[in-house]
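K.L.:
In UniProt numbering, the protein residues as written are 1 to 258.
C-beta: ideal position from N, C-alpha, C; glycine also.
My questions all concern the structure below.
Laid out in structure tokens, this is it:
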């Protein structure tokens, strides 16, 4: 029975997920030769390396209690796997960065409340990365969970996920969403205008080099400090969990908590 390795992608790392998936796809031969088996998107029968976005879901799932369904989705996926789980690799970013990015990802699709009114609500959420990892461990019983702190490259993911395969890494494109594009989309959505996905992407591209105003989504200074303290505590909790490794070579608290 083949051991399976999982790369689980939170929505704020969507372009990283696509880049890693492409890197794995072009290196299928090397993966098989190194004993990992084939790579696949989702729990495909016979796959030894699995890239999955469904457990975390889309950005809205992160804004509603911080991925509350991740545990149930992980348990459902575990029942579909062919063998035991070796490594789980999860990229993470500080909460004061994660929530604004999730808000932006939602704001390009639908009407959103102003972030200023949501920030204090996010500060009250008890659930965070540590609880998500606990859910993953309970569902998959992996040999190891590797947490990679943002910024995360495809090369780092491949080194953590399939360290002996020697794959060439395709690095992700920038996923920065200009605030001027978001502001225009929000005006259109509030007027009841439906904007096709292709037009949304064109609008984002057109605004990439525009002069940007003050960020539409950022925490007030006191809330940001609270979120940073919360994240630092989570890193300490993760570092104390059996079989959890933070970073390729262990935890750098100074980096993780900044």
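1) To the nearest angstrom, report how far apart residue 18 and residue 7 are at their CA atoms.
2) Mind checking residue 244: buried by the 16 CB within 10 Å criterion, or exposed?
3) Output the boundary residues of the beta strand (DSSP E) element that contains residue 50.
4) With distances taken Cα to Cα, identify the nearest neighbour of residue 239 among 127, 50, 79, 146.
5) Going straight from the alpha carbon of residue 170 to that of residue 43, what length do you get?
6) Determine which residues share a DSSP beta bridge with residue 39 and list them.
7) If we count Cβ pairs, one from each stretch, closer than 8 Å, do we get three or more for the stretch 149-156 versus the stretch 86-99?
8) Quick check on residue 258: does DSSP put it in helix, strand or coil?
9) Quick test of your reading: residue 47 and residue 40, contact by CB under 8 Å. State the CB separation rounded to the nearest angstrom.
10) Restricting to Cα atoms, I'd like to know which of 45, 181, 53 is closest to residue 80.
11) Would you say residue 79 faces chain D, with C-beta separation under 7 Å as the test?
12) Given a threshold of 16 other Cβ atoms within 10 Å of its Cβ, counted over all protein chains shown, does residue 98 qualify as buried or as exposed?
13) Can you round the beta-carbon distance between residue 141 and residue 74 to whole angstroms, since I take them to be within the 8 Å contact cut?
14) Smallest Cα separation from residue 163: which of 183, 199, 86, 61?
15) At what residues does the beta strand (DSSP E) containing residue 20 begin and finish?
16) Does DSSP put residue 1 in a helix, a strand or coil?
17) Would you say residue 237 and residue 130 are within 7 Å of each other, going by their C-beta atoms?
18) Which first and last residues belong to the beta strand (DSSP E) in which residue 144 is found?
19) Where do the ends of the beta strand (DSSP E) carrying residue 85 lie?
P.N.:
Taking the definition as stated:
1) To locate residue 18, count along the chain shown from 1; it is residue 18. To locate residue 7, count along the chain shown from 1; it is residue 7. Roughly 11 Å separates the two Cα atoms.
2) Position 244 of the chain shown holds residue 244. By the 10 Å Cβ count, residue 244 comes out buried.
3) For this step, residue 50 is matched to residue 50 along the chain shown. Segment 47-52, the beta strand (DSSP E) holding residue 50.
4) Counted from its first residue, the chain shown places residue 239 at position 239. Cα-wise, what sits closest to residue 239 is 146.
5) Taking the chain shown and counting its residues from 1, one reaches residue 170 at position 170. Taking the chain shown and counting its residues from 1, one reaches residue 43 at position 43. Cα to Cα, the separation comes out at about 23 Å.
6) Taking the first residue of the chain shown as 1, we reach residue 39 at position 39. According to DSSP, residue 39 bridges with 49.
7) yes
8) Residue 258 sits at position 258 when you count from the first residue of the chain shown. Interpretation of residue 258 is limited by its pLDDT of 44, a score under 50 that renders its predicted location unreliable; no figure is taken from the coordinates.
9) Stepping through the chain shown from its first residue, residue 47 is reached at position 47. Stepping through the chain shown from its first residue, residue 40 is reached at position 40. With 8 Å as the limit, residue 47 and residue 40 qualify as a contact, their Cβ atoms being about 4 Å apart.
10) Position 80 of the chain shown holds residue 80. Distances from the alpha-carbon of residue 80 to those of 45, 181, 53 put 45 closest.
11) No chain D is present in this structure, which holds just one protein chain.
12) In the chain shown, the residue the question calls residue 98 occupies position 98. By the neighbour-count definition (other C-beta atoms within 10 Å, threshold 16), residue 98 is a buried residue.
13) The residue labelled residue 141 in the question sits at position 141 within the chain shown. The residue labelled residue 74 in the question sits at position 74 within the chain shown. Contact doesn't hold; Cβ gap of about 11 Å is too wide.
14) Walking along the chain shown from the start, residue 163 turns up at place 163. That would be 86, whose Cα lies nearest to the Cα of residue 163.
15) Looking up residue 20 in the chain shown gives position 20. Segment 14-26 is the alpha helix (DSSP H) holding residue 20; no beta strand (DSSP E) there.
16) Residue mapping note: residue 1 aligns to position 1 of the chain shown, counting from 1. If DSSP states are grouped into helix, strand and coil, residue 1 belongs with coil.
17) The sequence position of residue 237 within the chain shown is 237, counting from 1. The sequence position of residue 130 within the chain shown is 130, counting from 1. Against a cut-off of 7 Å, the Cβ pair of residue 130 and residue 237 comes out as a contact.
18) If you number the chain shown from 1, residue 144 lands on position 144. Where residue 144 is concerned, the enclosing beta strand (DSSP E) stretches over 144-149.
19) Taking the chain shown and counting its residues from 1, one reaches residue 85 at position 85. Start and end: 85-92.
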